[in-house]
Amino acid sequence: MAIVSIETNPFSDQRPGTSGLRKKVTVFQQQNYLENFVQSMFNALGNIQGNTLIVGGDGRFYNTEAIQTILKMAAANGYSRAIVGKDGLLSTPAASCVIRKYHASGGIILSASHNPAGPTGDFGIKYNVSNGGPAPESITEAIFDYTKIIKHYKTLDDTDVELCTIGQQSLGQMTVDIIDPISDYADLMAELFDFSAIRTLLASNGFKMRFDGMHAITGPYAKEILEKRLGAPVGTVINGIPLPDFGNGHPDPNLTYAKELVDEMFSDNAPVFGAASDGDGDRNMILGANTFVTPSDSLAILAANAHLVPAYNKGLTGIARSMPTSQAADRVAEKLGIESHETPTGWKFFGNLLDAGSVTLCGEESFGTGSNHIREKDGLWAVLFWLNILAVRKQSVTDIVEQHWYQFGRNYYTRHDYEGIASDSAVQLMTDLEAKLASFPGKALANRTVSYADNFSYTDPVDNCVSSNQGLRIGFDDGARIIYRLSGTGTEGATLRVYIESYQADSTLLHLETQSVLQDLIHLADELAEITLRTGRTEPTVIT
Ligand code: VG1
Ligand code: CO
Numbered sequence: 146m147a148i149v150s151i152e153t154n155p156f157s158d159q160r161p162g163t164s165g166l167r168k169k170v171t172v173f174q175q176q177n178y179l180e181n182f183v184q185s186m187f188n189a190l191g192n193i194q195g196n197t198l199i200v201g202g203d204g205r206f207y208n209t210e211a212i213q214t215i216l217k218m219a220a221a222n223g224y225s226r227a228i229v230g231k232d233g234l235l236s237t238p239a240a241s242c243v244i245r246k247y248h249a250s251g252g253i254i255l256s257a258s259h260n261p262a263g264p265t266g267d268f269g270i271k272y273n274v275s276n277g278g279p280a281p282e283s284i285t286e287a288i289f290d291y292t293k294i295i296k297h298y299k300t301l302d303d304t305d306v307e308l309c310t311i312g313q314q315s316l317g318q319m320t321v322d323i324i325d326p327i328s329d330y331a332d333l334m335a336e337l338f339d340f341s342a343i344r345t346l347l348a349s350n351g352f353k354m355r356f357d358g359m360h361a362i363t364g365p366y367a368k369e370i371l372e373k374r375l376g377a378p379v380g381t382v383i384n385g386i387p388l389p390d391f392g393n394g395h396p397d398p399n400l401t402y403a404k405e406l407v408d409e410m411f412s413d414n415a416p417v418f419g420a421a422s423d424g425d426g427d428r429n430m431i432l433g434a435n436t437f438v439t440p441s442d443s444l445a446i447l448a449a450n451a452h453l454v455p456a457y458n459k460g461l462t463g464i465a466r467s468m469p470t471s472q473a474a475d476r477v478a479e480k481l482g483i484e485s486h487e488t489p490t491g492w493k494f495f496g497n498l499l500d501a502g503s504v505t506l507c508g509e510e511s512f513g514t515g516s517n518h519i520r521e522k523d524g525l526w527a528v529l530f531w532l533n534i535l536a537v538r539k540q541s542v543t544d545i546v547e548q549h550w551y552q553f554g555r556n557y558y559t560r561h562d563y564e565g566i567a568s569d570s571a572v573q574l575m576t577d578l579e580a581k582l583a584s585f586p587g588k589a590l591a592n593r594t595v596s597y598a599d600n601f602s603y604t605d606p607v608d609n610c611v612s613s614n615q616g617l618r619i620g621f622d623d624g625a626r627i628i629y630r631l632s633g634t635g636t637e638g639a640t641l642r643v644y645i646e647s648y649q650a651d652s653t654l655l656h657l658e659t660q661s662v663l664q665d666l667i668h669l670a671d672e673l674a675e676i677t678l679r680t681g682r683t684e685p686t687v688i689t
C-alpha cells in the first residue's frame, strides 16, 4: 500500500499539559488536528525506523477512530511493529506495563483521564517513553515545537485494522499485534501481591468489598483480578462495563463524583472496604466503612506498611511525592531512614527517580499512587496493596488510619478547586500573588510565622533539568502550607487549585473535622490571593 504525504497547516494550541494534550473531542475532530500532533510526536522522536509502538486508550468516544489514524501513520513513518489492546483498550497502567514487558520503544495512550467523555466531552493523547512512563518535558516541548512548523504528515493509503480480533495482522510494512489488554497487567499484579492471603480475606466471613469502575476502563481489569482471580463475589465490581461516554458521568474517584460508592460506604450497612478508579485507571480512592482515606495519607500508610507486601518486603529505597501532596509520607521516609523527594505535579517527574532506583513508592494528592513496578500511577495496584495490608493486619481501614496518625501525627489536608474561571483573571491572580511573595517571610499570619514563600522550581537530581514555575508556596514555621497552582489538564477556562495543609501531633486532636481545623488557613488563602474579590466565587467548585 502506498505511503502518502499530506499537506497540512500548523495549529497553535498543541502544547501538552500536565499529562499530554487534552482538548474537546470537537477540537480533535478538526481536519488534521490529530494527524499534526502525531506526526510532530514522530518528528520529535527522531529515528523510529524498525521500532515497536504500543497503542491503546481508555475506550472513550473517538478512541478507535484515533487509533486507526495513528496506526496508519506509524506504519508510514517506519515503525515495524505495533502492539494494540483488543478493541483499542489499554488502561494507562496496563499500557505502561506492556511497554516495559515487550521492550517497546514507547507508546501512545489515548485518554483524557477523568474528564467527561462523549461527543461533547474531552479527548486526549500522550506519549510514553521506553521505560513505560510519560515523556519528560524535553520531549513534550520538542513535540510542541514541531507542531508550530508542521507542513506535511505521512500516512498509509490502506484499510482499517481489525481491532476486535486477537492475533497478528499487517498494515503496509508494519506488523500489528492485537493483544488481550488485561492479562499482562493482571499477571504483574499477581507477582507483586500475596494473592492467596487476599483470596482468604475476600472469602472470610463478614468481609465485603465494593469496587466502582465508574463506567470507565478499570471495570474489566477489576472483574478479572478481583472477581475471577481472587474469588470476590460477582457484583463486587459495580459500573464495570466501559462506555464511550462513561455513562455521562465524571469518572473522577473522589467524594463528589463517586457518589454511588460513597453513599454505600457511608451507610449503615457499609462494606468493610471500598475503592474506585478513574477514566484511564491510574487513580484510586480508598474507603473503609464510614472512612475516607485522603490520598496523601494513603501514600504514607502504604509506605509504612510496605514490609507486609511480597514485592516490597525487602525495603523501600525512597518515597517521592508531588509538591502539593501533604508531607505525611516524608515522616514515614524519615522514620524508615530512606530518601524522600518532592517533585512538581505530574507523573513524568517520578520517572528518573524510579529508573535510578532512588525511590520505590510515589504519590500525588490527586488520588495517584504507584511504585517502581511500572512508570505510571496505578489505581488497581493501590487497591490490591490495601487489600494485602488488610489481609495481613486483620484490622479495619479506620483502625489502620488512626493508628498511623497516633504513630506519626496527622497532616490535616484539603484541596479547593475553583473550576472554569476566566483564564486571564486566573493568570493575573497568580502573577499578582507571586509579586507579593517576597514580602511574606517573617510575617505573622494565621497565628503562625511565614518561613518561606516562593514559586516552586525543581532540579531533577538525575539529569539536572530545571522545571520552574510549578506552583506558589507559602510555608509556615509549624509545617503548615498553602499552595496555589493552575491546572494543566483542563479544557475550558482555568482551574485554580489551592492546597492547604496543617500538621497536628497532639493525640487528643487527631479526630477533628478537616475543613474546620484548616479554617484559618483557608480564610488566609482567599485573602492573600484575593480569590473571591477577583473571581466572584465565594466557595470552591470541588473540595477534596
Ligand atoms: C491533575 C493532577 C495531577 C495529575 C494529573 C494527571 O493535574 O493535579 O496530580 O498528575 O491531573 O492525572 P492538574 O495539572 O490538572 O492539576 V490523570 O489521572 O488526569 O492522568
Ligand atoms: Co487518570
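In my numbering, the protein residues as written are 146 to 689.
Idealized CB from N, CA, C, for every residue including glycine.
Strand pairing of residue i, partner residues [DSSP]
i	result
Ile619	Ala598 and Ile627
Glu509	Gly513
Ser422	Asn429
Phe437	Leu432
His259	In DSSP, His259 forms no bridge with anything.
Val687	Asp562
Pro739	The structure shown does not extend to residue 739, since the chain spans only 146 to 689, so no value can be given for it.
Ser485	Ile464
Lys539	Note: Lys539 sits in no beta bridge, so no partner.
Leu590	Arg593
Thr320	Arg226 and Ser315
Assigned secondary structure, residue i (DSSP; H/G/I helix, E/B strand, else coil)
i	result
Thr345	helix
His452	helix
Met359	coil
Ser241	helix
Leu234	strand
Gly202	strand
Gln649	strand
Gly394	coil
Gln548	helix
Gln213	helix
Tyr267	Rather than Tyr, the amino acid found at residue 267 in this sequence is Asp. Here Asp267 sits in strand by DSSP.
Gly312	strand
Glu180	helix
Leu529	helix
Glu286	helix
Gly251	strand
His656	coil
Leu375	coil
Asn497	helix
Check: residue i C-beta below 6 Å from any heavy atom of the ligand CO
i	result
Asp423	yes
Asp267	no
Thr408	Here residue 408 is Asp; the residue named in the question, Thr, does not match the sequence. It does not: the Cβ of Asp408 is nowhere closer than 6 Å to a heavy atom of the ligand CO.
Asp427	yes
Ser258	yes
Residue i CB to nearest heavy atom of the ligand VG1 below 6 Å
i	result
Gly108	Because the chain is modelled from 146 through 689, residue 108 falls outside the range shown and cannot be assessed.
Arg618	no
Gly515	no
Gly419	no
Glu282	no
Ser632	yes
Ser150	no
Gly482	no
Ser164	yes
Glu479	no
Ser584	no
Ser511	yes
Thr653	no
Gly638	no
Gly491	yes
Nearest-angstrom Cβ-Cβ length linking residue i and residue j, presumed shorter than 8 Å
i	j	result
Glu180	Tyr298	5 Å
Leu347	Gly376	6 Å
Tyr597	Gln615	The Cβ separation is near 15 Å, so there is no contact.
Asn506	Ala449	The residue you asked about is not Asn; residue 506 is Leu in the sequence shown. With 8 Å as the limit, Leu506 and Ala449 do not qualify as a contact, their Cβ atoms being about 10 Å apart.
Val182	Thr292	First, the residue type needs correcting, since residue 182 is Phe and not Val in the sequence shown. With a Cβ gap of about 6 Å, Phe182 and Thr292 count as contacting.
* Inter-stretch contact at 8 Å, needing at least 3 Cβ pairs: the segment 409-428 / the segment 234-247 -> yes
* Asked: Pairing CB atoms from the segment 212-227 with CB atoms from the segment 381-393, are three or more of them under 8 Å?
  -> no
* Any chance the segment 643-658 sits against the segment 620-635, with 3 or more Cβ pairs inside 8 Å? -> yes
* Counting pairs of Cβ atoms below 8 Å between the segment 247-261 and the segment 576-591, do you hit three or more? -> no
* Count the C-beta pairs between the segment 186-196 and the segment 409-418 that are closer than 8 Å, then say yes if the count reaches three, no if not. => no
* To do: Decide if the segment 634-643 is in contact with the segment 254-274; the criterion is three or more beta carbon pairs, one per stretch, under 8 Å apart.
  => yes
* Asked: Can at least three beta-carbon pairs, one atom from the segment 444-461 and one from the segment 534-548, be found at a separation below 8 Å?
  -> yes
* the segment 307-317 contacting the segment 333-351, beta-carbon criterion three pairs below 8 Å -> no
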